[in-house]
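So the sequences go chain by chain: P and S. The opening position of the first sequence corresponds to residue 1 in my numbering, with each subsequent residue numbered one higher. The opening position of the second sequence corresponds to residue 1001 in my numbering, with each subsequent residue numbered one higher. Heads up, the beta-carbon is just placed ideally off N, CA and C, and yes, glycines get one too. What you are looking at is a predicted structure, and each value in this text was computed from that prediction instead of being measured. Below is one structure, written out as structure tokens; comments come after it.
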Amino acid sequence: MGDNLKAASRFVYQSISSLDHITSSGPLSQDSVLDKLSDLQRGAKAMRARAIYRAAQSAVDMVHKGQAEDKVHSELHIVRALVVQYQHGLQEILGAEDDLRAEMVPPPQDAQAIQAETINAGASAPMLACAAKPSLLDDMMMPLDEANETDEAGVAQTIDDKTAVDTTVEDGIKASENTDIYGDELSQNIMPLVQFAPEAKQRDALRRLSVLHSDFTGHSQRVARHERLDMSAKPALRRAAKPMQMISFESFMPELTNIVLTTARHLEKTVSISYSALGVDLNVDLANKLRLALSDLSVLLVTQSLEAPQVRRRRGESGAGHISIMASVKLGELSLNIESTGRDITAQDLETASWKQLEALGAILKISRDDNRLCLGINGLHVKALPQKPAQMPMLEHAS
Amino acid sequence: MSRSCLIVDDSRMVRRVAGRIIRELDFDLAEAENGQEAMDQCRMKMPDAILLDWKMPVMDGLSFLKRLRKEPGGDQPVIVFCTAERDVYKIAEALDAGANEYVMKPFDSDVIQSKFFEAGLLG
């Protein structure tokens, strides 16, 4: 089930070509963009490149929703970065193969016969030392014509809707179970499709699941024995081990900052974030819900609200966007003021599960705009037991 | 004695890229294609760090994470969880399950280095 290196090389080449075509050819029709992305996704699916597949799907979703071109292009930057990383991995593997070729040893007599067969089949790959992995040998020795046929089969089996995926997967499982009939190459191309299917659809996964269950039962028994001997088998998890009932608002900030800066870097945007909190401590339940909502909101602001530096500069603004988060407590109610120097966030954008959880606690959202500055006010969250801190937390700022 | 890092990802390409980065940080390297393979390796020798993908066949990253943390000595490795999702629920779920840090794909050496540094793996 090794990667097919020739197919992987073609996938990289075709993906970059497709992305270049989309981003460099001027305005394209929506259908044309979707076709290119669909091709890219087929390749990603065949190569089991899930990250690329999902990033491309995000771009497809944005096109379907009629998102602005610069936003789609930002998403395509992520796709391209993932393809480039995949390419780097591929190059390293191919480099390793070159090393193996350099270590080539004279073939033994029986191997010479195999080599002759390989050459007759149209491949000119030399025999490698037996230390070479079988999958690499398979990749190198597969005649190009066969590789093309395999790819076409893979594309033909790639599917436009979920039902078709499931059917193909079922067929694939049957086919892969009978490798005598269909051969290893076919199973190699089907297995990636199988792995993209829900695990419940995979007979092999179910078989492995039963093994895991047995393993897990044994493990549980071992854990139980440890507990009887008062030997804690539970890990001292860094986050789970905190016994606190109250969480300071500021403790969210390193994580939020990290999310904002990481997201910004992936989107090639420049963003700074500042925050202040006047002795705001929250009970654990509220803190957890708020943490998720703020994380969602931060990602949303970076991806949707704050534009790329060149777009901002064209409008005569600073290339760097800014997010400010201020928390305070008034009459036992938490008031959050989140500002972004970006645009275009609407109440619809905020209809996330995390926000709904806050609404269930009585939070009220207010959206306002002033001089291209978006302000989201979140009020009404009741806060209990607020130990005041002696000094105001300083404003902190990070920039990517 | 050098430290060790286990890279768990079903993509050979990603393992290669990550492996190069990890080797540059002077870690001994081990690889696994899925959570089950990783679990087998951890039972033989617990690594100092684990770079863990989310979506994998056989056993996904989250299942592996939860099971590893219940193993004797499973609380020791610093686990950096890798995701291509920008879904904060997934990130939060992984952190709650015992991941120490997370990185978003595509990652680079700076990101990995900073995560390892924050986790106390680099002096």
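Beta-bridge partners of LYS366/P (DSSP): GLY377/P.
For MET1104/S, the neighbours in chain P by C-beta distance under 7 Å run, in chain order, THR262 and HIS266. Residue-level contact check: GLU250/P does not touch chain S, since none of the beta carbons of chain S fall below 7 Å from its beta carbon. In this structure, the CA atom of ALA44/P is about 24 Å from the CA atom of THR262/P. Interface criterion not met: the Cβ of MET1044/S is under 7 Å from no Cβ in chain P.
Going by beta carbons, ALA1049/S and PRO1077/S fall inside the 7 Å limit. In the three-state reduction of the DSSP assignment, ARG315/P falls in the coil class, being assigned neither a helical nor a strand state.
Per the Cβ contact rule, the segment 83-92 of chain P is in contact with the segment 1008-1021 of chain S (3 or more Cβ pairs under 8 Å). Between the alpha carbons of ALA81/P and GLY319/P lies a gap of roughly 22 Å. If you check the CB distance, VAL284/P and VAL329/P do not come in under 7 Å.
Rounded to the nearest whole angstrom, the C-alpha separation of ASP31/P and PHE1116/S is 44 Å.
Beta-bridge partners of THR270/P (DSSP): ALA320/P.
For ARG80/P, the closest Cβ of chain S is not nearer than 7 Å. Excluding its 5 nearest sequence neighbours in each direction, VAL1058/S has C-beta neighbours in its own chain below 6 Å: ASN1034 and GLN1036, listed in chain order. One Cα belongs to GLY342/P, the other to MET1044/S, and the distance between them is close to 51 Å. Under the Cβ criterion of 7 Å, VAL1014/S is counted among the residues facing chain P. C-alpha of ILE22/P to C-alpha of LYS36/P: approximately 8 Å in a straight line. Contact of ARG10/P with chain S is not assigned, every C-beta pair being separated by 7 Å or more. For ALA1032/S, there are no neighbours in chain P by C-beta distance under 8 Å, as the nearest C-beta there is about 14 Å away.
Cβ-Cβ distances below 6 Å link ALA327/P to PHE249, ALA277, VAL280 and LEU336 in the same chain, with the five nearest sequence neighbours on each side left out; the list follows chain order. For GLY89/P, at least one C-beta of chain S is nearer than 7 Å to its own C-beta.
Short of 7 Å from the beta carbon of ASP1026/S, and not among the five residues preceding or following it, lie these beta carbons of its own chain, in chain order: SER1002.
According to DSSP, residue pairing for ILE1050/S in a beta bridge involves LEU1006/S and ILE1079/S.
At a cut-off of 7 Å between beta carbons, LEU292/P contacts chain S. Rounded to the nearest angstrom, the gap between the Cα atoms of LYS1066/S and CYS1042/S is 13 Å. Secondary structure at ASN258/P: helix, using DSSP grouped into helix, strand and coil. Between ALA1038/S and VAL1008/S, the C-beta spacing is below 7 Å. Interface flag for ILE93/P against chain S is set, since a Cβ pair is found closer than 7 Å. CYS375/P and GLU339/P have their alpha carbons spaced roughly 4 Å apart. Between the alpha carbons of VAL72/P and GLN91/P lies a gap of roughly 28 Å. Close partners of SER1011/S in chain P (Cβ separation under 9 Å): ASP3, MET47, ARG48, ALA49, ARG50, ALA51, TYR86 and GLY89.
Contacts with chain P at 7 Å (Cβ-Cβ) include VAL1017/S. Interface flag for LYS1055/S against chain P is set, since a Cβ pair is found closer than 7 Å. By the neighbour-count definition (other C-beta atoms within 10 Å, threshold 16), GLU1101/S is a buried residue. Between the alpha carbons of GLY1098/S and PHE1064/S lies a gap of roughly 11 Å. Residues of chain S with a Cβ closer than 8 Å to the Cβ of ALA55/P are, in chain order, ALA1084.
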